[in-house]
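Novice: Chains as they are written, first to last, in this note's numbering: chain A, 12 to 177; chain B, 42 to 133.
For glycine and all other residues, C-beta sits at the position ideal for the given N, C-alpha and C.
Can you keep this structure in mind? I'll have questions shortly.
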């Protein structure tokens, strides 16, 4: 994926995304590091709902070697929904805290690989999650799921159609 | 909702942020990276951000070297094109 292609896709997705009234947003940001068209880049978007919950999506895209066609690949992501800690970082994003656990967070990182934080359980690995390929999860799929959760009250495993095994 | 951009980071700014992580966890960035970011002492989110800062720094350094080499006579360009990143370039 090259940045102009990503930026076009992001703009289209953002234009088609709506939130309930009264939300406060930080972003969406999509910032390449060096030049407008080259990786690495980071995408970050935070939405605060009026009831004290917030949604935060972040993706880190890394450089792919020129022998592999250049461009970027998504190495890390974190999609979080839950109560907002009043303590914020310098960008105004709520700090993570055990006092404000996620209702759901879907992560991919090097430490644990693709995993979920769900229903009070942390670091549920992919092999315990059925019918959801975590590494393929897209931010707007997550955002739509959050909107559906808030609208319907259905649980995330029903909305995203996954099951967690013991 | 337009897509926004943060300020393009600088080598100095990224380095300062990495030094803040080094101070917080009392390990160097090299030590952290040698473990592929798997140090259990490092918070999950900090590990991701720390690795991303290193990727940013590498890209910024590569761009700086490209700018430097582009100012040299043409014969030097071949070597630049054969290198994937700054470490290979410096070794060449």
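Identify, in the order they occur along the chain, each residue of the same chain with its Cβ nearer than 6 angstroms to the Cβ of residue 43 of chain B, setting aside the five sequence neighbours on each side.
Specialist: Contacts found: none.
Novice: Quick check: what's the CA-CA separation for residue 126 of chain A versus residue 68 of chain A?
Specialist: Taking the straight line joining both Cα atoms gives about 15 angstroms.
Novice: Show which residues of chain A have a CB atom less than 7 angstroms away from the CB atom of residue 50 of chain B.
Specialist: Ordered by position in chain A, the residues that pass the 7 angstroms Cβ test against residue 50 of chain B are 44.
Novice: Considering only residues of the same chain and omitting the five flanking positions on each side of residue 99 of chain A, which have a CB-CB separation below 8 angstroms?
Specialist: Result list for residue 99 of chain A: 105 and 106, in chain order.
Novice: Per the contact definition of three or more C-beta pairs closer than 8 angstroms, is the segment 45–55 of chain A in contact with the segment 97–111 of chain B?
Specialist: At 8 angstroms Cβ cutoff, the stretches touch.
Novice: If I follow the unbroken alpha helix (DSSP H) through residue 157 of chain A, where does it start and stop?
Specialist: From DSSP, the alpha helix (DSSP H) with residue 157 of chain A extends over 150–163.
Novice: What does residue 112 of chain B touch in chain A if you count any residue whose Cβ is under 7 angstroms from its own?
Specialist: Under the 7 angstroms cutoff, chain A gives no residues; its nearest Cβ is about 17 angstroms from residue 112 of chain B.
Novice: For residue 73 of chain A, which residues from the same chain have a beta carbon less than 7 angstroms from its beta carbon, with the 5 sequence-adjacent residues on both sides left out?
Specialist: Here the set comprises 50, 51, 83, 84 and 86.
Novice: For residue 118 of chain A, count neighbouring C-beta atoms within 10 Å of its own C-beta (all shown protein chains included) and say buried if the count is 16 or more, exposed if not.
Specialist: With 16 or more other Cβ atoms within 10 Å, it is buried.
Novice: Nearest-angstrom Cα distance between residue 158 of chain A and residue 106 of chain B?
Specialist: Those two C-alpha atoms are separated by around 46 angstroms.
Novice: Work out the CA separation of residue 46 of chain B and residue 219 of chain A for me, nearest whole Å.
Specialist: The first residue shown for chain A is 12 and the last is 177, placing residue 219 of chain A beyond what the model contains.
Novice: Is residue 165 of chain A near residue 175 of chain A, with beta carbons less than 8 angstroms apart?
Specialist: Not closer than 8 angstroms, so no.
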